[in-house]
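K.L.:
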Amino acid sequence: MAAPRPLLHLPIYAAACTGLYAGSLALVTMLQAQHNAALTLDQTPLIDAVSRAQAERVAAEDAVRSASGALGAASDHYASATALSAQVDEAMAAFARQVAQVTGVAAHLPSSVKLPTAPGTVAHVTAPATQATTGASGKP
Amino acid sequence: MSRRPPAISFAGRAMGSPLRLTTVGLGRADARRAWQAVTSDIELTEQSLSRWRADSALSRLNMTAGSGEWVPADARLLALLVASWRAQRMSGGRFDPRVVGRLEALGEEAGVALPPLPDELGSDRSWLACDPRRRLVRVSTPVDSGGIGKGLALRWAATSVRRAGLLGSGLLLEAGGDLLVRGVPDGGGTWQIGIEDPAGGDEPLAVISVARGAVATSSTAVRQWTSPDGDRVHHLIDPSTGQPGGDGLQAVTVAAPDPAWAEVWSKTLFLAGTRTIGGEARRRGLAAWWVEADGSLHLTPAARQQTAWTVANRAA
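Which chain is which? The protein sequence lines are A and B, in order.
Going by the numbering used here, 93 is the number at position 93 of the first sequence; the sequence numbering is gapless.
Going by the numbering used here, 165 is the number at position 165 of the second sequence; the sequence numbering is gapless.
1) Find out if the Cβ-Cβ distance for the pair residue 215 (chain B), residue 253 (chain B) is shorter than 8 angstroms.
2) Which stretch, first to last residue, makes up the alpha helix (DSSP H) that contains residue 149 (chain B)?
3) Using three-state DSSP, classify residue 36 (chain B) as helix, strand or coil.
4) Rounded to whole angstroms, what is the Cα-Cα separation between residue 229 (chain B) and residue 270 (chain B)?
5) Taking only three categories from DSSP, how would you classify residue 70 (chain B)?
6) Report back the beta-carbon spacing between residue 15 (chain B) and residue 46 (chain B) to the nearest angstrom; my notes put them in contact at under 8 angstroms.
7) Under 8 angstroms: do the region 143-157 of chain B and the region 95-104 of chain B share three or more Cβ pairs, one atom per stretch?
8) So, is residue 176 (chain B) buried or exposed, given that buried needs 16 or more other C-beta atoms within 10 angstroms?
9) Going along chain A, which residues have a C-beta under 7 angstroms from residue 185 (chain B)?
10) Please tell me whether residue 172 (chain B) has its Cβ less than 8 angstroms away from any Cβ of chain A.
11) Are the C-beta of residue 321 (chain B) and some C-beta of chain A separated by less than 8 angstroms?
12) Who are the Cβ neighbours of residue 168 (chain B) in its own chain at under 6 angstroms, not counting the five residues just before and after it?
13) Cβ of residue 135 (chain A) less than 8 angstroms from any chain B Cβ?
14) Could you tell me how far apart the beta carbons of residue 51 (chain B) and residue 111 (chain B) are, in whole angstroms, since I believe they sit closer than 8 angstroms?
15) Looking at chain A, is there any beta carbon in it that lies within less than 8 angstroms of the beta carbon of residue 152 (chain B)?
16) List the residues of chain A that residue 104 (chain B) touches, going by C-beta distances under 9 angstroms, in chain order.
17) Over what stretch of residues does the beta strand (DSSP E) that includes residue 298 (chain B) continue unbroken?
18) Residue 282 (chain B) to residue 126 (chain A), Cα distance in whole Å?
19) Kindly indicate which three-state DSSP category residue 127 (chain B) falls into: helix, strand or coil?
20) Taking all protein chains shown into account, decide if residue 170 (chain A) is buried (16 or more other Cβ within 10 angstroms of its Cβ) or exposed.
21) Can you tell me whether residue 56 (chain A) is helix, strand or coil according to DSSP?
22) What is the residue span of the beta strand (DSSP E) that residue 170 (chain B) lies within?
23) Residue 270 (chain B) lies in the alpha helix (DSSP H); which residues open and close that run?
24) In chain A, which residues lie with their C-beta within 8 angstroms of the C-beta of residue 370 (chain B)?
25) Just list the residues that DSSP pairs residue 234 (chain B) with in beta bridges.
26) Assign residue 193 (chain B) to buried or exposed, taking buried as 16 or more other Cβ atoms, counted over all protein chains shown, within 10 Å of its Cβ.
27) I'd like the list of long-range same chain contacts for residue 236 (chain B), defined as Cβ closer than 8 angstroms, with 5 residues on each side in sequence excluded.
28) At the 8 angstroms Cβ level, is residue 1 (chain B) part of the contact set with chain A, yes or no?
29) For residue 320 (chain B), would you say it is in contact with chain A, using Cβ-to-Cβ distances shorter than 8 angstroms as the test?
30) Could you name the residues of the same chain whose beta carbon sits closer than 8 angstroms to that of residue 120 (chain A), not counting the 5 residues immediately before and after it, in chain order?
31) Assess, as a yes-or-no matter, whether the region 126-135 of chain A is touched by the region 190-206 of chain B under the definition of 3 or more beta carbon pairs within less than 8 angstroms.
32) Mapping DSSP to helix, strand and coil, what is residue 250 (chain B)?
33) Report the three-state DSSP secondary structure of residue 318 (chain B) (helix, strand or coil).
34) With a cut-off of 8 angstroms, does the C-beta of residue 219 (chain B) fall near any C-beta of chain A?
35) Let me confirm a value: residue 346 (chain B) is counted as buried when at least 16 other C-beta atoms fall within 10 Å, else exposed. Which label applies?
36) Do residue 87 (chain B) and residue 148 (chain B) have their C-beta atoms closer together than 8 angstroms?
Pasting the structure below:
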C-alpha cells in the first residue's frame, strides 16, 4: 500500500500559481504600456495641429484688435475732415457773397479806361555786343 | 588787390572748320595749357572719327561695311555710333548717319573712298550691331560723323579742360559755328551769342543769352553746290527722300545742354521744313530759332526766354 502524498506539495503548487499570476500580470502591464505609447504617438500630429490652430486664433484676434484701432483712428480723422470741410464750405459761401457784391459794384464801372501811350520796350537800335556767333558750319 | 586775368583767346583750325577757345579767369600759362588740352583732345577725335582720314577708326570701319565683319572700336567711335543710333530713333529717322552715300552721289566732295552703297537706306535701325563687352562693332552701310561729330568733339574737349582743372571762371569753345560755354564771360553776366544772318548780313539776326550749355546751327549758307544733274543742292539731306530737305528754311539754331544734341536737333528741325518745324520744336520743348526763306526770324517760347535782342528791335 502506497504511502499518502505528503502535504508538503501544496506550498509548491501555491508558489507556482503565484509566479504564474505575477508573470501574466507583468505581460499584461507591458502590453498595456506599449499600446499607450502607440496611441500617444498617433495623437501627436493632432495635438500639434490643435496647438497651431490656437496660436493662429490668437494672432487673428490681435489683427482684428489692431484693425479695429485703425478703423477708430480713421473714423476720428474723417470726422475732423468733415468738420474742416464744413468750415471751408462756409468760407466759400462768404467769399461768393463778397464776389457778388464786387460784381455789383463793377457793373457800374466803365468797360475800358484810356491810358496815355507809352513805349512797351526799350529798343536797342543796334545789336548788343556778343562774345561769339553761331552760324553755318562745315567744310568752307 | 590782385587783378583778375582778362579773357584770353586762341584760334586755329580743326575738323575742317575754324576752332576758337576763349578762357576767362586763367593766367596766360594756364590758358595756353587749356588750349593744348583742347587741340590734343580734338586731334584724338579726328584720329577716330574723321571721314577725311583713311587711317581713322571710322574710315576703317566704313571699309568693312556690309561685309559682316566685326571691327574693334575705340571709345570715341563706339560713342559716335551709339549716339547716332539713338539720335536716329529720337528724331524719328530724320537724323541718319548713313546719308553720306547720298551726299557723295549728289556731288559733295568725297572723303575716303567708300564701298558700294545701297540705293535706298530704309528706315530700320539694324545698320549697327554692337558687342560692347568686346568693343566690337559691325555696320551694314557706311556712316558719317557729320551732324553730331563736331558736337561730340566739343563735349570731349571741354571735359578734358575740366579734368585738367583749367575751366577758370569761364570758357567758350567754338568750332565752325557750333559752340559750348561754361561759367561766365569776362565782365560777368551770361554769354551773349549772335545768330548769324544766313543771307550774309554783318549784323546778327538775334542775340541770345546762354548761361551754360551749347548752341548749334544747321544752315544752307555754306556747303551748297551744283549736283551732276545741274540742280542747286545743299548738304542737309532728308533720309526719307535722299534729297536736300528743309523746304522753306535757311537756317535753324538750337540751344541745348549738350553740343552733340544741339547739333542733332538743329539738323532734325531743319529737315522738318517750315510746315512742321514750329510744332515739332515746341512739342519737344526745344529752344530753337529759325530763319525762313523770306528772311523772317521765328522762335519757340523756350527760345524767347533766352533771346536778348532780335532784328525786330532794330526795326522798332
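Idealized CB from N, CA, C, for every residue including glycine.
Fair warning: this is a prediction, and the values are worked out from it, not measured in the lab.
P.N.:
To lay it out plainly:
1) For the purposes of this step, residue 215 (chain B) is identified with residue 215 of the second sequence, where counting begins at 1. For the purposes of this step, residue 253 (chain B) is identified with residue 253 of the second sequence, where counting begins at 1. Residue 215 (chain B) places its beta carbon less than 8 angstroms from that of residue 253 (chain B).
2) Locating residue 149 (chain B) in the second sequence gives position 149, counting from the first residue. Taken as a continuous stretch (DSSP letters only), the alpha helix (DSSP H) holding residue 149 (chain B) covers 149-163.
3) Residue 36 (chain B) sits at position 36 when you count from the first residue of the second sequence. Assignment of residue 36 (chain B) by DSSP, reduced to helix, strand and coil, places it in the helix class.
4) Counting from 1 along the second sequence, the entry for residue 229 (chain B) is found at position 229. Counting from 1 along the second sequence, the entry for residue 270 (chain B) is found at position 270. One C-alpha to the other measures close to 24 angstroms.
5) Position 70 of the second sequence, counted from the first residue, corresponds to residue 70 (chain B). Residue state, collapsed to three classes: coil.
6) Taking the first residue of the second sequence as position 1, residue 15 (chain B) is located at position 15. Taking the first residue of the second sequence as position 1, residue 46 (chain B) is located at position 46. With a Cβ gap of about 6 angstroms, residue 15 (chain B) and residue 46 (chain B) count as contacting.
7) Touching, per the Cβ criterion.
8) By one-based count along the second sequence, residue 176 (chain B) stands at place 176. Note on residue 176 (chain B): 16 or more other CB atoms within 10 angstroms of its CB, so buried under the neighbour-count rule.
9) In the second sequence, counting from the first residue as 1, residue 185 (chain B) sits at position 185. By Cβ distance, chain A contributes 131.
10) As a position in the second sequence, residue 172 (chain B) is number 172, starting the count at 1. Yes - at least one Cβ of chain A is within 8 angstroms of the one on residue 172 (chain B).
11) The structure shown does not extend to residue 321 (chain B), since chain B is modelled only from 1 to 316, so the question has no answer here.
12) On the second sequence, residue 168 (chain B) is found 168 positions in, with the first residue counted as 1. Cβ neighbours of residue 168 (chain B) beyond the five flanking positions: 23, 24, 25 and 26.
13) By one-based count along the first sequence, residue 135 (chain A) stands at place 135. Interface flag for residue 135 (chain A) against chain B is set, since a Cβ pair is found closer than 8 angstroms.
14) For the purposes of this step, residue 51 (chain B) is taken as the residue at position 51 of the second sequence. For the purposes of this step, residue 111 (chain B) is taken as the residue at position 111 of the second sequence. Sure, about 4 angstroms apart at Cβ, within 8 angstroms.
15) What you label residue 152 (chain B) is simply residue 152 of the second sequence in a count that begins at 1. By this cut-off, residue 152 (chain B) is not an interface position.
16) Reading the second sequence from its first residue, position 104 is the one you call residue 104 (chain B). Per Cβ cutoff of 9 angstroms: no residues; residue 104 (chain B) is ~13 angstroms from chain A at best.
17) As a first step, residue 298 (chain B) must be located in the second sequence, where it is residue number 298. Where residue 298 (chain B) is concerned, the enclosing beta strand (DSSP E) stretches over 297-299.
18) Position 282 of the second sequence holds residue 282 (chain B). Position 126 of the first sequence holds residue 126 (chain A). Linking residue 282 (chain B) to residue 126 (chain A) through their CA atoms gives a straight-line distance of about 29 angstroms.
19) Within the second sequence, residue 127 (chain B) is the residue found at index 127, counting from 1. Reduced to three states, the DSSP call for residue 127 (chain B) is coil.
20) The question about residue 170 (chain A) has no answer here: the residues shown for chain A are numbered 1 through 140.
21) As a first step, residue 56 (chain A) is located in the first sequence; it is residue number 56 there, counting from the start. Residue 56 (chain A): helix per DSSP, three-state reduction.
22) As a position in the second sequence, residue 170 (chain B) is number 170, starting the count at 1. Per DSSP, residue 170 (chain B) belongs to the beta strand (DSSP E) from 170-175.
23) Translated into the one-based positions of the second sequence, residue 270 (chain B) becomes position 270. Membership of residue 270 (chain B) in the alpha helix (DSSP H) is indicated by the continuous run 259-283.
24) Here chain B covers residues 1 to 316 and nothing more, so residue 370 (chain B) does not appear.
25) By one-based count along the second sequence, residue 234 (chain B) stands at place 234. Per DSSP, B:224.
26) The residue given as residue 193 (chain B) occupies position 193 in the second sequence. Result: buried.
27) Residue mapping note: residue 236 (chain B) aligns to position 236 of the second sequence, counting from 1. In chain order, 218, 220, 244, 245, 246, 267, 270 and 271 place their CB closer than 8 angstroms to the CB of residue 236 (chain B), counting only its own chain and leaving out the 5 sequence neighbours on each side.
28) Residue 1 (chain B) sits at position 1 when you count from the first residue of the second sequence. Any reading at residue 1 (chain B) is ruled out, since the residue's pLDDT is 46, under 50, leaving its predicted position unreliable.
29) Lying outside 1 to 316, the shown extent of chain B, residue 320 (chain B) is not represented and no answer is given.
30) Walking along the first sequence from the start, residue 120 (chain A) turns up at place 120. Low confidence applies to residue 120 (chain A): its pLDDT is 49, below 50, so where it sits in the model is not reliable, and the reading given next is rough at best. Within the same chain, residue 120 (chain A) has no close Cβ partners at all.
31) Touching, per the Cβ criterion.
32) Against the second sequence, residue 250 (chain B) aligns to sequence position 250. Strand, per DSSP.
33) In the structure as shown, chain B starts at 1 and stops at 316, and residue 318 (chain B) therefore has no counterpart that could be examined.
34) Start at 1 with the first residue of the second sequence, and residue 219 (chain B) comes out as number 219. Closer than 8 angstroms to some Cβ of chain A, the Cβ of residue 219 (chain B) qualifies, so yes.
35) Outside the displayed range of chain B (1 to 316) lies residue 346 (chain B), so it cannot be described from this structure.
36) As a first step, residue 87 (chain B) must be located in the second sequence, where it is residue number 87. As a first step, residue 148 (chain B) must be located in the second sequence, where it is residue number 148. Cβ atoms of residue 87 (chain B) and residue 148 (chain B): closer than 8 angstroms.
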